[in-house]
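All remarks here apply to the structure that follows.
Residue numbers (UniProt numbering): 1 to 137.
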């Protein structure tokens, strides 16, 4: 019964992001290792999975910014002693984007992730050009 409570829509979206990234990686690996029809199908499926990963990743980011509550540590906490979660208080607030506001350089990680996923999906489509240029691996 408690497991069903974990399957909220945001968790399912995070699962879609993870699964599509794994399928994209598998398609890229199979594109390099196979030939013929299998290579063509792997390239198409990997490219589509990359586009799904980009869309789901961006949607999850927007959803986190708008509708998912975050956690924040309130008060003092021990920095020079053993870690004990009972020594500080955690409250639920909307601070998922607090790191971006405090340290804008952390936003570059998300930008690089989206750019990398888009580039990987594009490379899966143009694999034939790479084979013609560099030879079959």
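Just so you know, even glycine gets a beta-carbon here, dropped at the ideal spot from N, CA and C.
Taking the alpha carbon of residue 49 as the point to measure from, which residue in 92, 21, 100, 116 has its own alpha carbon closest? What you label residue 49 is simply residue 49 of the chain shown in a count that begins at 1. Checking every option, the nearest Cα to that of residue 49 belongs to 21.
From residue 122 to residue 47, what distance separates their C-alpha atoms? On the chain shown, position 122 is the one that residue 122 refers to. On the chain shown, position 47 is the one that residue 47 refers to. The alpha-carbon atoms of residue 122 and residue 47 are separated by roughly 7 Å.
Buried or exposed for residue 129, going by 16 or more other Cβ atoms inside 10 Å? Residue mapping note: residue 129 aligns to position 129 of the chain shown, counting from 1. The pLDDT assigned to residue 129 is 48, lower than 50, so where the model puts this residue is not dependable; a value taken from the coordinates is nonetheless given after this. Per the 10 Å Cβ criterion, exposed.
Could you tell me the distance, in whole angstroms, from the CA atom of residue 25 to the CA atom of residue 82? Working through the chain shown from its first residue, we reach residue 25 at position 25. Working through the chain shown from its first residue, we reach residue 82 at position 82. Going from the Cα of residue 25 to the Cα of residue 82 covers about 40 Å.
For residue 71, which residues does DSSP report across the bridge? Residue numbering aside, residue 71 sits at position 71 when the chain shown is read from its first letter. Partner(s): 92.
Contact set for residue 66: own chain, Cβ-Cβ below 6 Å, skip 5 residues either direction: Against the chain shown, residue 66 aligns to sequence position 66. None.
So, is residue 107 buried or exposed, given that buried needs 16 or more other C-beta atoms within 10 angstroms? Stepping through the chain shown from its first residue, residue 107 is reached at position 107. Counting Cβ neighbours within 10 Å, residue 107 comes out exposed, since fewer than 16 surround it.
Less than 6 Å between C-beta atoms, sequence neighbours within five positions excluded: which residues of the same chain meet that for residue 23? The residue labelled residue 23 in the question sits at position 23 within the chain shown. Result list for residue 23: 49, in chain order.
Residue burial classification, residue 115 (beta-carbon count within 10 angstroms, cutoff 16): Here residue 115 refers to the residue found at position 115 when the chain shown is read from its first residue. That one is exposed.
Beta-carbon proximity list for residue 9, same chain, < 6 Å, skipping 5 on both sides: Counting from 1 along the chain shown, the entry for residue 9 is found at position 9. Contacts found: none.
Please give the ranges of any beta strand (DSSP E) in the segment 17 to 54, keeping only runs that are unbroken, at least 3 residues long and fully inside the region. none
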